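Residue numbers (full-length UniProt numbering), protein chains in the order written: chain A, 1 to 694; chain B, 1 to 694.
The C-beta atom is built at its ideal place from N, Cα and C for all residues, glycine as well.
These numbers come from a predicted model, not from an experiment.
Each remark here refers to the structure printed beneath this line.
This is the structure in structure tokens:
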């Protein structure tokens, strides 16, 4: 690097620079807006096709589907996920407190609809544990299990119908809310879900699901707790009733876990060697059903079984519209959580595979899939973590053939509920494993670690929806805190260059005599107003006493100048003023001008602009001039419109720090010259008692 | 400005600049921390005195109190506010649903304690309408008015004792919470209350207070509504019961309002001419009492009167500790609202008069005053807007003698409650007038206007505490949005200078050929990651097709180079590659390098750093080099620690944009030279079918 930077040019204030290089005239805002709109509203056929392709992504990717190359991988992936969905659908139906068959339906309809409208290619849609759990607690509240409940009684069918009515009403309302959000283009909300939030949330939600399954695993029949602290309440209830454990069900659970956990471990560890993962869940269900059938476990040991599963395609059925007022609040929470999890999951996989997710389109896709499938006795659906993972490892390219599952006759009504509960719990394995990320997170970023911990704790301790909200707000708070606690550093000049850098880590940069160059590295707004003010006065070393003395000195100087001009002679005053003037110029030697480098001030609000004005008047009082440099367009605009220019010379706003320093140094030479004149003048004046110009 | 900026120096990358001007060696973090701590822990006598002065501000300002100069103004201000406090204390006691005498106590104890510990010199402490209302609804919930209530019955005393027990328990718990917050130094929370929030909140809260007073003004005895939508519920209830209006009380209210409103208007309009404002409230109370006494209104027209007022100093009484679990939730809300209003009021006046408020010290002051006074049958207190205003206009310098009110015998037990209700409503006059600020706010800042409207609507529609929370969160969201939707502009060089400015508003700046200089004016973090990415690729004009073709061209070029070096001859490939190479260099002519000016990137988080890495690899794929300039210290650190340097040449990070441009232009000359060689080489190679170096 032999070559050099060579510059020789005029000093530029913002005004002069604008004149030299700025645009001639800003187009009127109305005109610009019209142009913009005109640019958008091209209603050609092509534009319509593009829009259609955006809204129904199936159209845009189906023609480019490479049938021969991808079909095999996709078919295998589809089959695998389909088979996995069967036991999981049933298990999640247990969480939702509806009959297992509805879980199967929910694993089918939303998937087909999402395939048409969704943009996430690796996302498996269907039943999701947390959403199921949240829906389940609403269902339990509205249609509580009667105390003496006989699953074979004629009321049972009516009861089940009521339950799925409520669940599908939730799905419908949730779909409608999503469609409204799509209408309002609220998809951007998903950006607030950073990775630590999503991971902590899913990990903590896994605890909720596990605890809710404890009673099924132990064979207890307990009421469900909802709301804040529900996890601990449920745990306490289970502890109290430990003595009523059904030993047969406990045994089943232990056996199930003993098989499921190691096999799933094998599935994960050897995922690359296995062509498809071992479908251990479905094997488990089949074996359990056979065992129950041949040993009639259900009657002899009072084991709760899945119960009647109707055959064939579901009959369309209207959701329970009349429950809308009762479910509205919870449904909003379910919708947000479901959408949040779905989109953030889709985003994580899209990032990995280099395509992009359109949050608004996702809203549309999930909205349609929930709305339509609610008429086919489905409960709310979303993306599911467990099967999404498998889909990816099985090599699914698109969601074309994700499902060949047979939703027809299925003789597993004898399967014990404990088996499904175990399937539920083991499906959350990955979520529990997210604790392993924590040390790495701590190393890379303490803030992200804190976000993780706060989200996790609030979800576990409080509630799923409230916890997620707290996590999001906390995460935003960290951003706000970063903008608030910005660095304020004193800059020094790297000798022989036009570069100015913080003195604290550039020991060979030197302060320009008489000028404090300050740099604030963040916006100035209501949130950090007082912080900025404090920092400034500390950096300038302005203690109240110093301010008072400087103010006095400046006033005396002004008075002196005034008196000198009117030529009134009064020796005593002249003497005191003389010392004040001296003192003034002495302090002046350290700070005569403050130059604020605004290159890091990304925006200023009204409160911040007012602070600037205050600072200018205060500095003016103590005889310090304020200069600005590197202001961006929007900052300049708000500073001007809030009336800063009435307190500050517009010629004191420079294009770069170096321009300002050059200008100030020139002024210093001039002032020093004037000062010499004044002192000489005063000297003559006091000595003779007669005023005479030099 | 005849002089010029003249620079002649080497090109600096960050590394080289650090070597030339940076600090020798960073001190180890542990050492620096120890130094910092050592700097803080000077346990000298002086430090203790400073701390004491900070904690008990009375000590620091009492010696400098100018007795002769300030005593008169303060005495008058004190008397005025004292007299005003008497009727208002009683009126607010009505809001709190306790006997009026407790309102008088609450106007006395907290004031004295705040005087000792508080830092706000113009703040009048005591009863505050919103806090009283919130406390009142808790009191009503826990100790509801019996249906057949006779205020003279022996149970009445017991009933009143229960009520004040709950109210003072709230005060105690609120004080304890504030002290805990002080312990945790949570005073900074008050910075989140921007002026629009506080103004909208107080204005909307005034509506709540007014509606809650309607029933007293109309002489209705209705249950109190609490929680969300309470304003509308109460209004509906009042409407339903309009027919039961007590005409006598309605008459009293109308007369009261007819007197109070104009006199208060006079008080405000001629505040500078009037030595003290007309104490119309107390006159009103006295007149009403006299009228009731002589005409025995209470018995003949069934008018609700204030009732028994005990004489003398209050007897210390324990708050109702056992209610703590029941009041905890509401008390947290009351505490936050009270603290928020107090500190933001104090701040507004401190800003006006040029001293500063210490939010943490305010927590201590309000905490102590609530805790201690709760043992003297006081309900929660805070700063009050109404009297604070008067205090300022009456010329109070400090809060020394703010109170000489006589809390002893006071024969106004006959005063009708309607009068107090009218006093309450008219005291909110100023809050209603805040609507006048709206047009100005709209003009200056649309965002602040939106914050105002959102806060106001949520407080009015939902609830006082929830509304405030929504306002604060919304206000934060606006800040977050500003950091998210930052401008991304293409910079151009002002000819013959080292200054680079956005092309959009500097039409006479020109793009440096072959380099896209981008500037992003905000942090890069999880919230705007996708936004930043989108902007970047739009600015670079990178459509998916373009990326694919460039990638192909680059690969072909690499292959060609490889093949050329191993001297394998194959004419066909050479031909196609040749066209690709040509195409590559053609596109190369518009973007060969991307230079990102990071001066506005105030921070980067882990997600943002990962995005940088992704961008680098993507750009590398299509043969574009990435350069950075003007990175600040913290951004550089996180980019380095997250492994960006594995994908990017550290020599591509420059100190200024100009350095980078100089370097790139030198490189271009070099590359162009090489390119000429390659094309020549290939030409020879393809023409002869034999590889020969030039």
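For chain A, find out if any of its Cβ atoms is closer than 9 Å to the Cβ of residue 523 of chain B; answer yes or no. Indexing the second chain from 1 puts residue 523 of chain B at position 523. Cβ-Cβ to chain A under 9 Å: yes for residue 523 of chain B.
Am I right that residue 457 of chain A and residue 228 of chain A are in contact with their C-beta atoms under 8 Å? What's the rounded C-beta distance? To locate residue 457 of chain A, count along the first chain from 1; it is residue 457. To locate residue 228 of chain A, count along the first chain from 1; it is residue 228. Their Cβ separation, rounded to whole angstroms, is 13 Å, which puts residue 457 of chain A and residue 228 of chain A out of contact at 8 Å.
Once DSSP output is grouped into helix, strand and coil, what is the label at residue 506 of chain A? Residue mapping note: residue 506 of chain A aligns to position 506 of the first chain, counting from 1. For residue 506 of chain A, the secondary structure class from DSSP, reduced to helix, strand or coil, is coil.
Start and end residues, beta strand (DSSP E) containing residue 492 of chain A: Counting from 1 along the first chain, the entry for residue 492 of chain A is found at position 492. That run of the beta strand (DSSP E) goes 488–494.
From B:490, B:439, B:499, B:612, residue whose alpha carbon lies closest to that of residue 524 of chain B: In the second chain, counting from the first residue as 1, residue 524 of chain B sits at position 524. Measuring from the Cα of residue 524 of chain B, the nearest candidate turns out to be B:612.
Shorter than 9 Å from the beta carbon of residue 505 of chain B to some beta carbon of chain A? Within the second chain, the letter at position 505 stands for residue 505 of chain B. Residue 505 of chain B counts as touching chain A.
Endpoints, beta strand (DSSP E) assigned at residue 99 of chain A: In the first chain, the residue the question calls residue 99 of chain A occupies position 99. Per DSSP, residue 99 of chain A belongs to no beta strand (DSSP E) and is neither H nor E.
Taking only three categories from DSSP, how would you classify residue 593 of chain B? In the second chain, residue 593 of chain B corresponds to position 593, counting from 1. In the structure shown, the three-state DSSP call for residue 593 of chain B is strand.
Would residue 694 of chain A count as contacting chain B if we go by Cβ distances under 9 Å? Numbered from 1 along the first chain, position 694 holds the residue referred to as residue 694 of chain A. Low per-residue confidence applies at residue 694 of chain A: pLDDT is 39, beneath 50, and the placement is therefore not dependable enough to give any value.
Neighbour list for residue 655 of chain B in chain A, Cβ cutoff strictly below 7 Å: The residue labelled residue 655 of chain B in the question sits at position 655 within the second chain. Here the neighbours are 499.
Taking 9 Å as the threshold (beta carbon to beta carbon), is residue 361 of chain B in contact with chain A? Translated into the one-based positions of the second chain, residue 361 of chain B becomes position 361. Judged by the 9 Å Cβ criterion, residue 361 of chain B is not in contact with chain A.
Just the Cα atoms here: how many angstroms apart are residue 189 of chain A and residue 473 of chain A? Against the first chain, residue 189 of chain A aligns to sequence position 189. Against the first chain, residue 473 of chain A aligns to sequence position 473. In this model, residue 189 of chain A and residue 473 of chain A are separated by some 12 Å (Cα to Cα).
Which residues in chain B have a C-beta closer than 7 Å to the C-beta of residue 496 of chain A? List them in chain order. Residue 496 of chain A sits at position 496 when you count from the first residue of the first chain. Those are 9, listed as they occur along chain B.
Reduced DSSP secondary structure (H/G/I, E/B, other) of residue 512 of chain A: For the purposes of this step, residue 512 of chain A is identified with residue 512 of the first chain, where counting begins at 1. Coil, per DSSP.
If distances are taken between C-alpha atoms only, which option among B:663, B:131, B:642, B:135 comes closest to residue 595 of chain B? In the second chain, residue 595 of chain B corresponds to position 595, counting from 1. Distance from the Cα of residue 595 of chain B is smallest, within the candidate group B:663, B:131, B:642, B:135, for B:663.
Is residue 185 of chain A helix, strand or coil when you go by DSSP? Taking the first residue of the first chain as position 1, residue 185 of chain A is located at position 185. Collapsing the DSSP output to three states places residue 185 of chain A in coil.
Exposure label - residue 695 of chain A; buried when at least 16 CB within 10 Å: In this structure chain A extends from 1 to 694, so residue 695 of chain A is not present and cannot be described.
DSSP three-state call for residue 10 of chain B: helix, strand or coil? As a working note, residue 10 of chain B is residue 10 in the second chain. Strand.
Does the distance from the CB of residue 319 of chain B to the CB of residue 168 of chain B come in under 9 Å? The count along the second chain starts at 1 and reaches residue 319 of chain B at position 319. The count along the second chain starts at 1 and reaches residue 168 of chain B at position 168. The answer is yes: Cβ separation under 9 Å.
Is it buried or exposed, residue 232 of chain B, if we count other Cβ atoms within 10 angstroms and call 16 or more buried? Here residue 232 of chain B refers to the residue found at position 232 of the second chain. In this structure residue 232 of chain B is exposed. Its beta-carbon is surrounded by fewer than 16 other beta-carbon atoms within 10 angstroms.
By Cβ distance, which residues of its chain are closer than 8 Å to residue 15 of chain A, with the 5 residues on each side in sequence left out? Taking the first chain and counting its residues from 1, one reaches residue 15 of chain A at position 15. 650, 651, 653.
Where the beta strand (DSSP E) containing residue 626 of chain A begins and where it ends: Sequence index remark: in the first chain, residue 626 of chain A carries index 626 (1-based). 625–629 is the span of the beta strand (DSSP E), which, as asked, contains residue 626 of chain A.
Below 8 Å, can you find three or more Cβ-Cβ pairs linking the region 515–531 of chain B to the region 483–500 of chain B? Enough Cβ pairs lie closer than 8 Å, so yes.
Closer than 9 Å, CB to CB, is residue 531 of chain A near chain B or not? By 1-based counting over the first chain, the position of residue 531 of chain A is 531. In terms of beta-carbon proximity, residue 531 of chain A lines the interface with chain B, with at least one pair separated by less than 9 Å.
Label residue 435 of chain B either buried or exposed according to how many other C-beta atoms from any shown protein chain fall within 10 Å of its C-beta, with 16 as the threshold for buried. The residue you call residue 435 of chain B lines up with position 435 of the second chain. Around the beta carbon of residue 435 of chain B, fewer than 16 other beta carbons sit within 10 angstroms, so the residue counts as exposed.
Alpha helix (DSSP H) containing residue 476 of chain A: first to last residue? For the purposes of this step, residue 476 of chain A is identified with residue 476 of the first chain, where counting begins at 1. Taken as a continuous stretch (DSSP letters only), the alpha helix (DSSP H) holding residue 476 of chain A covers 464–484.
Would you tell me roughly how many angstroms separate the C-alpha atoms of residue 402 of chain A and residue 86 of chain A, rounded to the nearest one? For the purposes of this step, residue 402 of chain A is taken as the residue at position 402 of the first chain. For the purposes of this step, residue 86 of chain A is taken as the residue at position 86 of the first chain. Its pLDDT being 42, under 50, residue 402 of chain A is placed unreliably in this model, and the value from its coordinates should be taken loosely. When the Cα atoms are used, residue 402 of chain A and residue 86 of chain A turn out to be separated by approximately 13 Å.
Can you tell me the Cβ-Cβ gap for residue 132 of chain B and residue 379 of chain B, rounded? I've got them flagged as a contact below 8 Å. What you label residue 132 of chain B is simply residue 132 of the second chain in a count that begins at 1. What you label residue 379 of chain B is simply residue 379 of the second chain in a count that begins at 1. Right, the Cβ-Cβ distance comes to about 7 Å (below 8 Å), so this counts as a contact.
Smallest Cα separation from residue 592 of chain B: which of B:603, B:558, B:627, B:600? Here residue 592 of chain B is taken as the residue at index 592 of the second chain, counted from 1. Looking at B:603, B:558, B:627, B:600, the one whose alpha-carbon comes closest to that of residue 592 of chain B is B:627.
Got a sec: which bits of the region 185–199 of chain A sit with their beta carbon under 8 Å from any beta carbon on chain B, in order along the chain? Listed in sequence order: 191, 192, 194, 195.
So what does residue 376 of chain A bridge to, in DSSP terms? Counted from its first residue, the first chain places residue 376 of chain A at position 376. Beta-bridge pairing links residue 376 of chain A to A:317.
Return yes when the Cβ of residue 370 of chain A is within less than 9 Å of the Cβ of residue 629 of chain A, no when it is not. For the purposes of this step, residue 629 of chain A is taken as residue 629 along the first chain, with counting starting at 1. For the purposes of this step, residue 370 of chain A is taken as residue 370 along the first chain, with counting starting at 1. Between residue 629 of chain A and residue 370 of chain A, the C-beta gap is not smaller than 9 Å, which leaves the two residues out of contact.
Please return the same chain residues whose Cβ sits closer than 6 Å to the Cβ of residue 301 of chain A, not counting the five positions on each side in sequence. Indexing the first chain from 1 puts residue 301 of chain A at position 301. Cβ within range, chain order: 248.
Excluding the 5 residues flanking residue 609 of chain B on each side, which residues of the same chain have their C-beta closer than 7 Å to its C-beta? In the second chain, the residue the question calls residue 609 of chain B occupies position 609. Same-chain partners within the cutoff: 638, 639, 642, 644.
Which residues does DSSP list as the beta-bridge partners of residue 520 of chain B? To locate residue 520 of chain B, count along the second chain from 1; it is residue 520. Residue 520 of chain B pairs with B:488.
Between residue 233 of chain A and chain B, is the shortest Cβ-Cβ distance under 9 Å, so that the two count as touching? Along the first chain, one-based indexing puts residue 233 of chain A at 233. Residue 233 of chain A does not count as touching chain B.
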